[in-house]
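In the UniProt record's numbering, the protein residues as written are 1 to 329. No residue lacks a Cβ here, since even glycine has one placed at the ideal position from N, Cα and C.
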Amino acid sequence: MHGWIILDKPYAMGSTDAVTAVKRAFRQGGFGKVKVGHGGTLDPLATGVLPIALGEATKLTGQMLNGDKTYDFTVRFGVETDTLDVEGKPVATSDVRPALAEIEAVLPRFTGPIEQVPPAFSALKVDGQRAYDLARAGETVELASRSVNVHRLLVRHPELVSGSIVPQQPKLQDDKWTLKQVQGDGIGAIELPLDQITLTAHVSKGTYIRCLARDIAQALGTVGHVTMLRRTQAGPFGLAQAIPLDKLDEIRQGAAPEDVILPFEAGLADIPALDLTPDQARRLRMGQVVTGIAAHDGRYWARGSDDAPLALVSLSDQEVRVVRGFNFG
């Protein structure tokens, strides 16, 4: 029982609860105790891709945590909350509402390497205590900025932007508004002030989408918070591979696990493979350093002549060392 279940996590469910649901499904289906873990926390507010690792795949969850992720998220302008999402209490308001062109103009400022101050309501530790515990107790939480990388940040399709598309050619009612033609369909659109907008972000490990929304709103001269957050990609896994929670009912009813489980190797899809000879594979299994490997330095997964995964390895100066070994015995 080694592989992956990619859940399309529903709203209001925590990642730990999702792991518990998978364990319960296997137990009730008569498959006994299965080692289960998740590949990256997804807040209860968020929905979308949550990789659940089974068996030896749990050894890859650290690799998954370090991987890039992609999110769709909606920013509502005019109110900032203490949690920076819909679950918090308002702490700031503004009457300013940006237009689509203004939003598009600031997004490059938040693309590439950026500095980001994490939210007070986060799991980061301050003097040994979780920041969110201190924040809930009413204490002022000050967190240091961190470097993250936003690889891609863009507005979703214009027709999904609330308030920006008008079905017929509108009349200008204010000289500060500008007329914009939507490419391809000829629909006229006027850049009205927007109450909210949905963006897509492809980000590195450690990026807080709630903070990205906060900072974008502030750059637009207003405030804002996240009302929708959906993870569409986590490492090598996307929504196309995700199953709804009720699909686990098939496991409970005794269906073959292969119907819902992706193979172990699916979690290695974004890591290059390193082919070893039988002798090299034998030495690697014994924990020995394998020398004379002519390949670029970096992280690989090693496999033997039978194509079975042996270990996550690190290659440097033609020497291969085990980072995490796999045991399918």
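In this structure, DSSP gives residue 286 a state outside helix and strand, which the three-state scheme calls coil.
Within the same chain, 221 and 222 come within 6 Å of residue 96 by CB-CB distance, once the 5 residues on both sides are set aside.
In the three-state DSSP reduction, residue 20 falls in the helix class (H, G or I). Between the beta-carbon of residue 9 and that of residue 47 there is about 6 Å, and that keeps the pair under the 8 Å contact cut.
The residue among 307, 292 and 326 with its C-alpha nearest the C-alpha of residue 316 is 292. Beta-bridge annotation (DSSP): residue 76 is paired with 196 and 225.
The beta carbon of residue 204 lies closer than 8 Å to those of 68, 148, 149, 150 and 151 in the same chain, with the five residues before and after it left out. Residue 324 and residue 103 have their alpha carbons spaced roughly 44 Å apart. In this structure, the beta-carbon distance from residue 65 to residue 242 does not fall below 9 Å. Annotation: residue 248 to residue 297 spans about 41 Å, alpha carbon to alpha carbon.
Beta-bridge pairing by DSSP links residue 275 to 303. For the pair residue 49 and residue 198, the CB atoms are not nearer than the 9 Å cut-off. By DSSP's assignment, residue 116 forms a beta bridge with 146.
Residue 276 and residue 303 do touch by the CB rule: their CB atoms are close to 7 Å apart, below 8 Å.
Ranked by Cα distance from residue 52, the options 219, 267, 82 and 75 are led by 267.
Less than 9 Å divides the Cβ of residue 19 from the Cβ of residue 38. Using a Cβ distance threshold of 9 Å, residue 309 and residue 270 do not count as a contacting pair. A residue is called buried when at least 16 other Cβ atoms come within 10 angstroms of its Cβ; residue 154 does not meet this threshold and is exposed.
In this structure, the CA atom of residue 91 is about 36 Å from the CA atom of residue 21. Between residue 73 and residue 229, the gap from beta carbon to beta carbon is short of 9 Å. DSSP places residue 325 inside the beta strand (DSSP E), whose first and last residues are 319-325. Distance check between residue 116 and each of 216, 87, 311 and 55 places 216 closest, using alpha-carbon atoms only. Residue burial annotation: residue 75 is buried, with at least 16 other C-beta atoms found within 10 angstroms of its C-beta. Using a 10 angstroms sphere on the CB of residue 326, the tally of other CB atoms reaches 16 or more, which defines it as buried. Counting the other CB atoms within 10 Å of its CB gives residue 264 a total of 16 or more, which places it among the buried residues. Residue 225 sits close to residue 79, with the two beta carbons spaced by under 9 Å. Taking 3 residues as the minimum length, the beta strand (DSSP E) runs contained wholly in the stretch 41-86 are 47-54, 69-77 and 79-81, in order along the chain.
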